[in-house]
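Just below is one structure, and these are the notes that go with it.
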Amino acid sequence: MGIQLGRRLTCAEHQRVKELFTGVLLANEERGREATGVAAFWPDGSHNILKLPVCASEFVASQEFADFMNSWDLSTCTLLGHTRKPTKGSVWNPDNNQPIRVGQTVGIHNGTIQNDNFLFDTQNLERKAEVDSEIIFSMLNTIEDISRMDLETISAIQRVSRELTGYFTTLSVQLEKPHQVLVMKYNNPVSFHYSRSLQAYFFSSRYVFLRKAFGRQVVTEALESKTGYLFDAMRQEEPVGRPHVHFPLQSTSDCCCCIEATGF
Numbered sequence: 001m002g003i004q005l006g007r008r009l010t011c012a013e014h015q016r017v018k019e020l021f022t023g024v025l026l027a028n029e030e031r032g033r034e035a036t037g038v039a040a041f042w043p044d045g046s047h048n049i050l051k052l053p054v055c056a057s058e059f060v061a062s063q064e065f066a067d068f069m070n071s072w073d074l075s076t077c078t079l080l081g082h083t084r085k086p087t088k089g090s091v092w093n094p095d096n097n098q099p100i101r102v103g104q105t106v107g108i109h110n111g112t113i114q115n116d117n118f119l120f121d122t123q124n125l126e127r128k129a130e131v132d133s134e135i136i137f138s139m140l141n142t143i144e145d146i147s148r149m150d151l152e153t154i155s156a157i158q159r160v161s162r163e164l165t166g167y168f169t170t171l172s173v174q175l176e177k178p179h180q181v182l183v184m185k186y187n188n189p190v191s192f193h194y195s196r197s198l199q200a201y202f203f204s205s206r207y208v209f210l211r212k213a214f215g216r217q218v219v220t221e222a223l224e225s226k227t228g229y230l231f232d233a234m235r236q237e238e239p240v241g242r243p244h245v246h247f248p249l250q251s252t253s254d255c256c257c258c259i260e261a262t263g264f
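No gaps in the numbering here: position 47 of the sequence shown is 47 in UniProt numbering, and each next residue is one more.
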């Protein structure tokens, strides 16, 4: 789950976003109860990450979460959250829980990657944890300035996707451009909604939460699978409320050729 803010909020809007962030975190608890984590980002790349080996309902009641929420200010630009159902790596090792930071990349992943050991070995990437999700952000971190989104950058992201065996949906932030969110959706759920009043994007694997919070318009805002997206909340040119760029993704199970990226 994530929230991407396009401008400084008023105090009332700030409180509303806090309520929505807590609500969507709780709504995602049923997708994983063993660990919960959150991250907040500011325009200068500074950030705050909190991860605990507890369910979301216990997490949001903790003093640590209260302190995290109090660290926000009206300039906070992006938020990420994750509830974990482990497939690999103990939740008692914080490095295995999400959000995961690798270099300048911070991200969250839902799904399972089956060839993470192979990729770490063959690509000579440093491994900090045991969790399979780490390989995704380690590989993305090797791409220079993802925010450019030229054909070379998009091809590099597509290569990362092609080399992964499994299924995944990811949201990731580059600390150099924390107002941008890269979404990679490959056979795992994620829904989004753009709030014009807040000038903010909301992402969640729980469509029902977004539908209850924002109404019927969420129905028309589905994200296609096997697709990558770059969302930039600071982008003001039309059409506002849509991804800045989208492009096809593949995994090792695909055999079709990549096609050129499409901006819209």
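The beta-carbon is built from N, C-alpha and C at its ideal position, and this holds for glycine as well.
Handout entry: Residues of its chain near Arg-206, where Cβ-Cβ distance is below 6 Å and the 5 sequence neighbours each way are ignored
Key = Numbered from 1 along the sequence shown, position 206 holds the residue referred to as residue 206. Within the same chain, Arg-206 has close Cβ partners Ala-27, Asn-28.
Practice task
Please work out which residues of its chain come closer than 7 Å, Cβ to Cβ, to Val-131, disregarding the five sequence neighbours upstream and downstream, and give them in chain order.
Solution key: Reading the sequence shown from its first residue, position 131 is the one you call residue 131. Closer than 7 Å at Cβ, skipping near neighbours: Lys-88, Gly-89, Asn-96.
Practice task
Please determine, among Leu-230, Cys-55, Pro-53, Ala-12, the residue with the shortest C-alpha to C-alpha distance to residue 278.
Solution key: Beyond the ends of the chain as shown, which are 1 and 264, falls residue 278; an answer cannot be given.
Problem - Identity of the residue in Val-54, Thr-78, Phe-168 nearest Ile-136 by Cα - result: Translated into the one-based positions of the sequence shown, residue 136 becomes position 136. Looking at Val-54, Thr-78, Phe-168, the one whose alpha-carbon comes closest to that of Ile-136 is Phe-168.
Exercise for the section: Whole angstroms is fine: what's the gap from Ser-251's alpha carbon to Asn-115's? Expected result: Here residue 251 corresponds to residue number 251 of the sequence shown, with the count starting at 1. Here residue 115 corresponds to residue number 115 of the sequence shown, with the count starting at 1. In this model, Ser-251 and Asn-115 are separated by some 11 Å (Cα to Cα).
Problem - Residues of its chain near Phe-68, where Cβ-Cβ distance is below 8 Å and the 5 sequence neighbours each way are ignored - result: Working through the sequence shown from its first residue, we reach residue 68 at position 68. When the five nearest sequence neighbours on each side are left out, the beta carbons in the same chain lying within less than 8 Å of the beta carbon of Phe-68 are those of Val-38, Ala-40, Asn-48, Leu-50, in order along the chain.
Practice task
Identify which residue in Phe-247, Glu-13, Glu-30 has its Cα closest to the Cα of Leu-151.
Solution key: Within the sequence shown, numbered from 1, the residue matching residue 151 stands at position 151. Nearest Cα to Leu-151 within the set Phe-247, Glu-13, Glu-30: Phe-247.
Exercise for the section: Kindly confirm or deny that the stretch 122-131 and the stretch 68-79 touch, where touching means at least three C-beta pairs closer than 8 Å. Expected result: In short, these stretches do not touch, since the Cβ pair count stays below three.
Exercise for the section: Would you kindly report the start and end of the unbroken alpha helix (DSSP H) that includes Arg-211? Expected result: Start at 1 with the first residue of the sequence shown, and residue 211 comes out as number 211. Note, Arg-211: alpha helix (DSSP H), 207-214.
Handout entry: Any beta strand (DSSP E) of 3 or more consecutive residues that is wholly inside the stretch 62-142
Key = 78-84, 100-102, 105-113, all fully within the stretch 62-142.
Handout entry: Inter-residue spacing [alpha-carbon to alpha-carbon] between Lys-177 and Gly-45
Key = Here residue 177 refers to the residue found at position 177 when the sequence shown is read from its first residue. Here residue 45 refers to the residue found at position 45 when the sequence shown is read from its first residue. So the alpha carbons of these two residues sit roughly 7 Å apart.
Exercise for the section: Over the uninterrupted alpha helix (DSSP H) stretch that includes Gly-23, give me the two end residues. Expected result: Residue numbering aside, residue 23 sits at position 23 when the sequence shown is read from its first letter. That run of the alpha helix (DSSP H) goes 11-27.
Exercise for the section: Name the one or two DSSP bridge partners that Lys-185 has. Expected result: Reading the sequence shown from its first residue, position 185 is the one you call residue 185. According to DSSP, which records beta bridges pairwise, Lys-185 is partnered with Thr-169, Thr-227.
Problem - Endpoints, the beta strand (DSSP E) within which Ser-191 is located - result: Numbered from its first residue, the sequence shown carries residue 191 at position 191. Unbroken beta strand (DSSP E) run through Ser-191: 191-195.
Problem - Buried or exposed (CB count within 10 angstroms, at least 16 for buried), Gln-180 - result: For this step, residue 180 is matched to residue 180 along the sequence shown. Under the 10 Å beta carbon count, Gln-180 is surrounded by 16 or more other beta carbons and is classified as buried.
Handout entry: According to DSSP, residues forming a beta bridge with Phe-41
Key = For the purposes of this step, residue 41 is identified with residue 41 of the sequence shown, where counting begins at 1. Its beta-bridge partners are His-47, Thr-78.
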